[in-house]
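A.B. asks: A single structure is presented below for examination.
Number of protein chains: 2
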Amino acid sequence: MTYCLAIHVNNGLVFASDSRTNAGVDYVATYSKMFRFVWPGERSVVLLTAGSLATSQAVVNAIKSDLEDPDASFNLRKGKHLYDLASYIGGLSQKEQQQHAQALEKSNASPEASFIIGGQIAGKACEAYMIYPQGNYISASEDTPYLQIGENKYGKPILDRIIAPDTSLEDAARCAMISIDSTVRSNISVGLPLELAIYTNDSLDEPWHNKYRALSPMYKSMQKQWNEGLRQAFSGLPRFDWEKED
Amino acid sequence: MTYCLAIHVNNGLVFASDSRTNAGVDYVATYSKMFRFVWPGERSVVLLTAGSLATSQAVVNAIKSDLEDPDASFNLRKGKHLYDLASYIGGLSQKEQQQHAQALEKSNASPEASFIIGGQIAGKACEAYMIYPQGNYISASEDTPYLQIGENKYGKPILDRIIAPDTSLEDAARCAMISIDSTVRSNISVGLPLELAIYTNDSLDEPWHNKYRALSPMYKSMQKQWNEGLRQAFSGLPRFDWEKED
Numbered sequence: 001m002t003y004c005l006a007i008h009v010n011n012g013l014v015f016a017s018d019s020r021t022n023a024g025v026d027y028v029a030t031y032s033k034m035f036r037f038v039w040p041g042e043r044s045v046v047l048l049t050a051g052s053l054a055t056s057q058a059v060v061n062a063i064k065s066d067l068e069d070p071d072a073s074f075n076l077r078k079g080k081h082l083y084d085l086a087s088y089i090g091g092l093s094q095k096e097q098q099q100h101a102q103a104l105e106k107s108n109a110s111p112e113a114s115f116i117i118g119g120q121i122a123g124k125a126c127e128a129y130m131i132y133p134q135g136n137y138i139s140a141s142e143d144t145p146y147l148q149i150g151e152n153k154y155g156k157p158i159l160d161r162i163i164a165p166d167t168s169l170e171d172a173a174r175c176a177m178i179s180i181d182s183t184v185r186s187n188i189s190v191g192l193p194l195e196l197a198i199y200t201n202d203s204l205d206e207p208w209h210n211k212y213r214a215l216s217p218m219y220k221s222m223q224k225q226w227n228e229g230l231r232q233a234f235s236g237l238p239r240f241d242w243e244k245e246d
Numbered sequence: 001m002t003y004c005l006a007i008h009v010n011n012g013l014v015f016a017s018d019s020r021t022n023a024g025v026d027y028v029a030t031y032s033k034m035f036r037f038v039w040p041g042e043r044s045v046v047l048l049t050a051g052s053l054a055t056s057q058a059v060v061n062a063i064k065s066d067l068e069d070p071d072a073s074f075n076l077r078k079g080k081h082l083y084d085l086a087s088y089i090g091g092l093s094q095k096e097q098q099q100h101a102q103a104l105e106k107s108n109a110s111p112e113a114s115f116i117i118g119g120q121i122a123g124k125a126c127e128a129y130m131i132y133p134q135g136n137y138i139s140a141s142e143d144t145p146y147l148q149i150g151e152n153k154y155g156k157p158i159l160d161r162i163i164a165p166d167t168s169l170e171d172a173a174r175c176a177m178i179s180i181d182s183t184v185r186s187n188i189s190v191g192l193p194l195e196l197a198i199y200t201n202d203s204l205d206e207p208w209h210n211k212y213r214a215l216s217p218m219y220k221s222m223q224k225q226w227n228e229g230l231r232q233a234f235s236g237l238p239r240f241d242w243e244k245e246d
């Protein structure tokens with residue numbers, strides 16, 4: 001399993017992903033699920049992947065091949081809109097899935113993969129799209145300022161409580177870390193390191209990027225303070241009637 | 001959908017359930033999913049239900065019929081152990097599901113239902129069991145002091161952080177309320193009123209029981225203080241390096 005998310009706030013985009021993949025609980029490995037494609041001043045794009053590792057790696061390879069091929073009919077640098085890139089990735093994903101569909105069906109395995117792509121193309125607004133395994137896609141919006149792929153449920157409540165369009169990039173990044181930390185605690189198939197990227201609106205440059213391991217001081221202190229803060233919040237909850245009488 | 005949970009701590013048991021059922025989002029109704037069966041001094045049992053409303057109502061009806069029937073081979077008052085009751089309910093559930101399986105399969109509907117049963121029989125320890133749709137069952141333990149049925153993911157992180165065997169009954173009850181509140185916020189098919197029952201170890205009596213609606217003062221103040229507490233915990237999280245420089 002995997003958990004990736006993108007948060008779209010007024011000041012830009014935050015991307016976060018875990019790094020665990022597994023083919024059954026007895027084969028667990030660590031892979032990055034975050035890919036950055038940047039042409040400074042021109043366009044800056046981050047891709048997150050979840051689902052079949054074979055499909056998502058093949059899609060990333062196809063993206064890279066198309067970028068190297070001067071005769072490619074389309075590539076990440078050519079699309080005019082971010083949704084053109086989303087549509088292109090959806091197409092690559094479908095093509096890859098169909099190629100192995102028959103063989104995978106026989107072994108009852110799924111080639112499905114989902115993607116999130118976000119970033120900015122010069123002259124256009126900052127955007128984020130989630131691409132379904134079927135190749136179609138949806139964008140984040142003001143009312144739903146975040147997108148999730150993979151194991152999304154454990155980490156959703158905190159996003160619902162904190163994230164709004166006017167949330168700062170730093171708060172959105174902290175919230176993404178908490179959202180992934182909650183998921184790591186509740187689902188053993190989601191694991192560290194946690195990758196975090198922050199794209200500042202209109203920078204059209206490499207997003208800020210960092211990788212946090214379990215022992216990274218920032219991650220450890222985040223975990224500790226969140227745990228303590230939650231316990232404090234919990235201890236402040238109202239008492240039942242009979243507790244007040246004491 | 002539904003969300004019910006039972007928490008087993010040293011001092012007893014806490015039960016909580018939402019009250020929304022739906023057969024598609026265009027048919028949403030309110031039903032209690034918590035049933036109490038008490039013979040003071042002898043045994044006190046709480047049953048929670050999730051899944052097909054038809055199956056769970058039929059199981060509850062069968063339980064009541066067996067209790068009224070002096071010739072019943074088994075009923076909730078006869079079992080010597082709580083796991084006998086769990087096994088009996090699993091059997092009733094399987095019987096009911098099989099009766100309608102063929103017809104339901106044609107309309108692509110599921111007769112599956114899950115149950116949680118918890119309480120105490122005189123002379124025995126306080127226990128809680130979760131009964132799978134297949135009729136088999138597992139108990140809560142010291143390492144896993146809670147059981148959930150239905151939409152369990154959104155409400156799990158807070159349980160993982162707070163609940164331990166030595167948690168007080170009141171704290172466990174507050175945690176159950178928060179766990180249901182988080183689920184209500186993130187899944188529209190889980191809804192109020194919230195029912196709460198607290199069984200004190202060795203009381204062998206009617207558990208304390210209450211029903212909270214959205215406007216119940218205790219529920220409102222719980223929501224408000226939790227929200228504020230979370231925001232406060234969030235605002236205490238560590239800063240990124242560049243924020244410190246400001």
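Those protein sequence lines, which keep their order, are chains A and B.
Residue 1 is where the first sequence starts when you use UniProt numbering, and the numbers rise one by one after that.
Residue 1 is where the second sequence starts when you use UniProt numbering, and the numbers rise one by one after that.
Just so you know, even glycine gets a beta-carbon here, dropped at the ideal spot from N, CA and C.
Beta carbons nearer than 7 Å to chain B: which residues of the region 209 to 225 of chain A have them?
C.D. replies: So the close ones are Met218, Ser221, Met222 and Gln225.
A.B. asks: Give a single yes or no on whether A:Leu92 has its beta carbon closer than 7 Å to a heavy atom of the ligand SAM.
C.D. replies: Among the ligands in the structure shown, none appear at all, so the ligand SAM cannot be discussed.
A.B. asks: Considering A:Met218, what are the terminal residues of the alpha helix (DSSP H) in which it resides?
C.D. replies: Its alpha helix (DSSP H) spans residues Pro217 to Ser235.
A.B. asks: Pairs of beta-carbons, one from the region 224 to 236 of chain B and one from the region 226 to 238 of chain A, closer than 8 Å: are there three or more?
C.D. replies: Output reads yes: the region 226 to 238 of chain A touches the region 224 to 236 of chain B.
A.B. asks: Just checking: is the beta-carbon of B:Phe240 within a distance shorter than 8 Å of some beta-carbon in chain A?
C.D. replies: It does: the Cβ of B:Phe240 has a partner Cβ on chain A nearer than 8 Å.
A.B. asks: How is the beta strand (DSSP E) around B:Leu13 delimited, first residue to last?
C.D. replies: Start and end: Gly12 to Ser17.
A.B. asks: Rounded to the nearest angstrom, how far is the Cβ of B:Ala16 from that of B:Met177, given a contact under 8 Å?
C.D. replies: Confirmed, Cβ separation roughly 7 Å.
A.B. asks: Specify whether the region 38 to 49 of chain B and the region 112 to 121 of chain B touch according to this definition: at least 3 beta carbon pairs, one from each stretch, less than 8 Å apart.
C.D. replies: As far as the Cβ criterion goes, the region 38 to 49 of chain B touches the region 112 to 121 of chain B, which means the pair count is three or higher.
A.B. asks: Figure out for me which residue from A:Ile121, A:Thr55 and A:Tyr83 has the closest Cα to the Cα of A:Pro40.
C.D. replies: A:Pro40 has its Cα closest to that of A:Ile121, out of A:Ile121, A:Thr55 and A:Tyr83.
A.B. asks: Any beta carbon of chain A sitting closer than 8 Å to that of B:Gln234?
C.D. replies: Here residue 234 of chain B turns out to be Phe, not Gln, going by the sequence shown. Closer than 8 Å: yes.
A.B. asks: Which residues in chain B have a C-beta closer than 9 Å to the C-beta of A:Gly229? List them in chain order.
C.D. replies: Gly229, Leu230, Gln232, Ala233, Phe234, Ser235, Gly236 and Leu237, listed in chain order.
A.B. asks: Within the continuous beta strand (DSSP E) that includes B:Lys78, where are the two ends?
C.D. replies: Run containing B:Lys78: none; DSSP gives neither H nor E here.
A.B. asks: Could you please give the first and the last residue of the uninterrupted alpha helix (DSSP H) stretch that includes A:Thr183?
C.D. replies: Element bounds for A:Thr183: Leu169 to Ser186.
A.B. asks: Can you name the residues of chain A whose CB is closer than 7 Å to the CB of B:Asp160?
C.D. replies: In chain order: Arg185 and Ser186.
A.B. asks: Would you mind telling me which residues of chain A sit closer than 8 Å to B:Glu243, beta carbon to beta carbon, in chain order?
C.D. replies: Simply Glu170.
A.B. asks: For a contact defined as C-beta to C-beta under 8 Å, what are the partners of B:Tyr154 on chain A?
C.D. replies: Those within 8 Å of B:Tyr154 in chain A are Lys153, Tyr154, Lys156 and Pro157.
A.B. asks: What residues match up with B:Tyr137 in a beta bridge as DSSP calls it?
C.D. replies: B:Ile131, per the DSSP bridge assignment.
A.B. asks: Taking C-alpha atoms, which residue in A:Tyr3, A:Leu76, A:Thr2 and A:His8 lies nearest to A:Ala140?
C.D. replies: Nearest option by C-alpha distance: A:His8.
A.B. asks: Would you verify that the beta carbon of A:Ala139 is, or is not, closer than 8 Å to some beta carbon of chain B?
C.D. replies: A quick correction: the sequence has Ser, not Ala, at residue 139 of chain A. It does not: the Cβ of A:Ser139 has no partner Cβ on chain B nearer than 8 Å.
A.B. asks: Expressed to the nearest angstrom, what Euclidean distance is found between the alpha-carbon atoms of A:Glu68 and A:Ile89?
C.D. replies: Distance between the alpha carbons of A:Glu68 and A:Ile89: 16 Å.
A.B. asks: Per DSSP, B:Gln120 is paired with what?
C.D. replies: B:Gln120 pairs with B:Ser44.
A.B. asks: Residues of chain A with a CB under 7 Å from the CB of B:Ser182: which are they?
C.D. replies: By Cβ distance, chain A contributes Pro157.
A.B. asks: Suppose contacts are defined by Cβ-Cβ distances below 8 Å. Is B:Ala125 in contact with B:Pro111 by that definition?
C.D. replies: Cβ distance not < 8 Å, so B:Ala125 and B:Pro111 don't count as in contact.
A.B. asks: Using beta-carbon positions only, say whether A:Tyr3 and A:Ile180 come within less than 8 Å of one another.
C.D. replies: It is a contact, given that the beta carbons lie within the stated cut-off.
A.B. asks: Should B:Asp143 be labelled buried (16 or more other beta-carbon atoms within 10 Å of its own) or exposed?
C.D. replies: Exposed, since its Cβ has fewer than 16 Cβ neighbours within 10 Å.
A.B. asks: Taking C-beta to C-beta, are B:Val38 and B:Leu169 nearer than 8 Å?
C.D. replies: Not a contact, by the Cβ cut-off of 8 Å.
A.B. asks: My output table needs one value for A:Ser56: the three-state DSSP class, helix, strand or coil.
C.D. replies: Helix, per DSSP.
A.B. asks: Can you tell me the Cα-Cα spacing of B:Tyr83 and A:Ile138, whole angstroms?
C.D. replies: Using only the alpha carbons, I get a separation of about 48 Å.
A.B. asks: Could you check what DSSP says for A:Lys153 in three-state terms: helix, strand or coil?
C.D. replies: A:Lys153 falls in the coil class under three-state DSSP.
A.B. asks: Along chain B, in chain order, which residues have C-beta atoms closer than 9 Å to that of A:Arg20?
C.D. replies: Under the 9 Å cutoff, chain B gives no residues; its nearest Cβ is about 17 Å from A:Arg20.
A.B. asks: Out of curiosity, what's the CA-to-CA distance linking A:Gln225 and A:Lys33?
C.D. replies: Going by the C-alpha atoms only, they are around 27 Å apart.
A.B. asks: So, with DSSP's three-state summary, where would you put B:Gly51?
C.D. replies: Three-state DSSP puts B:Gly51 in a strand.
A.B. asks: Just confirm the distance between the C-beta atoms of B:Ala86 and B:Ala6, as a whole number of angstroms; I'd bet it's less than 8 Å.
C.D. replies: The Cβ separation is near 12 Å, so there is no contact.
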